[in-house]
Amino acid sequence: MVIFLTMYVITHKKFDYYLPENYVPLLVGAVSKDKLNGYLSDDKGDNISSKNKNFCELTGLYWIWKHGQDDIVGLSHYRRYFSGYPLGFLGEVAATLLLGKLRPISVPRLNKYLEDYDWILPTPETKFFKKRTVLQQFAASHGTTSDLETTRKVLGELYPEYLGDFDKVMNGHQLIICNMFYTRKEYINEYSKWLFTILFKVEKSIDISNYDEYQSRIYGFLSERLLNVWIEHQQKRFKIKYLNIFNTAEMNRGFIKKKIFK
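Per full-length UniProt numbering, the sequence shown starts with residue 1, numbered consecutively.
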């Protein structure tokens, strides 16, 4: 049986970076941009491309949900990828110094992990949560928790069985970030239906007309927390493999040399 798979690379602009086989750029917010040769666009068919400034990479996720025909799908960013290098961070630094740029993990290696796991997700971030909870970090970054409170209220109306998981995540000290994953399409279909049902109702309940450009990305920020809630609720059902992710602005030879020899 032939298995179709794609690691979609979310981007809002043209970029130049080494992409392994089966990594495909997906232009988000494409409805208001010139199309790019060799890039998929999130404004084809059923889409929410026009919401990109508020939903961030989620306009790409929505398009993957509605139009992706793959058996297995993943989501990366044009400047953030899974690494999977042996020896963790030290292995990444060594590979970067050797190659000049760190290369994303190959799809065959990701598929090998899926033989034993259901989801591949970023290693949970703990650095920003050592002395504060996920809820407190949100308040510090956004000046209020009102949008999270609205999200909790909507969650209680739509999926009350998730409220305990929501509270556990918000009172915890780690967070899976960046909305990155690699898993079977059927799981993404299930998750996306749950996620967008919540966010579209939250969208009707909060006023973001006075938010600045950063705060206007609110649904992207909320979705990172909601992915953690969904995974927490499904933990007995799914086996999760966590991998490090890297930022291309940091994992290049020039940047690392400056850090070492500063």
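Idealized CB from N, CA, C, for every residue including glycine. These figures come from a predicted structure and were not determined experimentally.
- Query: From T151, F4, L19 and E125, pick the residue whose C-alpha is nearest to that of I245; which is it?
  - Reply: E125
Q) Pairing CB atoms from the region 227-242 with CB atoms from the region 118-132, are three or more of them under 8 Å? A) With the cut-off at 8 Å, the region 227-242 and the region 118-132 touch.
Just the Cα atoms here: how many angstroms apart are G220 and Y113? When the Cα atoms are used, G220 and Y113 turn out to be separated by approximately 27 Å.
Report yes if the C-beta distance between M7 and G74 is below 8 Å; otherwise report no. The answer is yes: Cβ separation under 8 Å.
Requested in this report: Would you list, in sequence order, the uninterrupted alpha helix (DSSP H) runs of no fewer than 4 residues that lie entirely inside the region 187-252?
Outcome: 218-233
Review point. So, helix, strand or coil for T150, using DSSP?
Key: helix
Q: Give a yes or no on whether the C-beta atoms belonging to V154 and S205 are separated by under 8 Å.
A: yes
Original post:
Where are the alpha helix (DSSP H) runs, 4 residues long or more, that stay fully inside the region 108-170, in chain order?
Top reply: Complete alpha helix (DSSP H) runs here, min 4: 134-142, 146-158 and 163-170.
Q. Between V31, S32 and L36, which lies nearest to P25 when the distance is taken from Cα to Cα?
A. That would be L36, whose Cα lies nearest to the Cα of P25.
- Closest to R80 by CA distance: which of I218, D42 and F15 is it? The option with the nearest alpha carbon to R80 is F15.
- Message: With the cut-off set at 8 Å, would you say Y62 and F181 are in Cβ contact?
- Response: It is not a contact, given that the beta carbons lie outside the stated cut-off.
Self-check item: Proximal residues to K60 (C-beta, below 8 Å), its chain only, five neighbours per side dropped
Solution: The sequence given here places Gly at residue 60; Lys does not occur at that position. Same-chain partners within the cutoff: Y8, I10, L26, V28, D42 and L75.
Practice task
Starting from the C-beta of L3, find all residues in its chain whose C-beta is less than 6 Å away, skip the five residues before and the five after it, and write them out in chain order.
Solution key: Inspection of the sequence shows that residue 3 is occupied by Ile rather than by Leu. Closer than 6 Å at Cβ, skipping near neighbours: D71.
| query | What are the boundary residues of the beta strand (DSSP E) that includes H77? | reply | I72 to H77
Contacts around Q137, its chain only, beta-carbon distance under 7 Å, and the 5 residues preceding and following it disregarded | Result list for Q137: F128 and F129, in chain order.
* Asked: Across which residues does DSSP place S41 in a beta bridge pair?
  -> L27
For V134 versus M170, is the C-beta spacing smaller than 8 Å?
yes
Self-check item: S32, buried or exposed, once every other Cβ within 10 Å from all chains shown has been counted against 16
Solution: exposed
Point to revise | For L19, three-class secondary structure by DSSP | key: coil
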